[in-house]
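Below: the structure, in structure tokens.
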Amino acid sequence: MHGVDTEAMIRGRGREPWSLSEKVLVNDLVINPNFQHQSGSIKGTPDHKKIADELNRLFHDDQKIRTSNSVGSLVSDIRRKKR
């Protein structure tokens, strides 16, 4: 039986798989105060939109590849795997 090429499946859906470099940066940015909400009831939590904008600037020539939702999903996955 052959393995499934998940990256090919993701690209086939018109999406871009997460690179290891992106995942590492997200992991660093969620704890960086400059990428956390600064006020309100969610003060101190990761600002997924700000993180997505930074990823798009650094990795995707400012194309809107990463969204606040995709960053939020990745952050949830990372936290779930740490348990």
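With the working numbering applied, the sequence shown covers 8 to 90.
We put the beta carbon where it would ideally sit given N, CA and C, even for glycine.
Small disclaimer: the values here were computed from a predicted structure and weren't measured.
For Ser75, I'd like the list of residues in its chain whose CB is within less than 7 angstroms of its CB, leaving aside the five on either flank, ordered along the chain.
Residue numbering aside, residue 75 sits at position 68 when the sequence shown is read from its first letter. Cβ within range, chain order: His55, Lys56, Ala59.
So what's Pro24 in DSSP terms, helix, strand or just coil?
As a working note, residue 24 is residue 17 in the sequence shown. It is coil, neither helix nor strand.
Pull up the DSSP beta-bridge partners for Gln43, would you.
Stepping through the sequence shown from its first residue, residue 43 is reached at position 36. Answer by DSSP bridge pairing, in chain order: Pro53.
Using the Cα positions of His67 and Glu61, report the straight-line distance between them to the nearest angstrom.
Position 60 of the sequence shown holds residue 67. Position 54 of the sequence shown holds residue 61. One C-alpha to the other measures close to 10 angstroms.
Of all the CB atoms in chain C, is at least one closer than 7 angstroms to the CB of Ile72?
The question asks about chain C, but that chain is absent: this structure has only one protein chain.
From Pro40 to Ser46, what distance separates their C-alpha atoms?
Counted from its first residue, the sequence shown places residue 40 at position 33. Counted from its first residue, the sequence shown places residue 46 at position 39. Looking at the two C-alpha atoms, the distance is approximately 12 angstroms.
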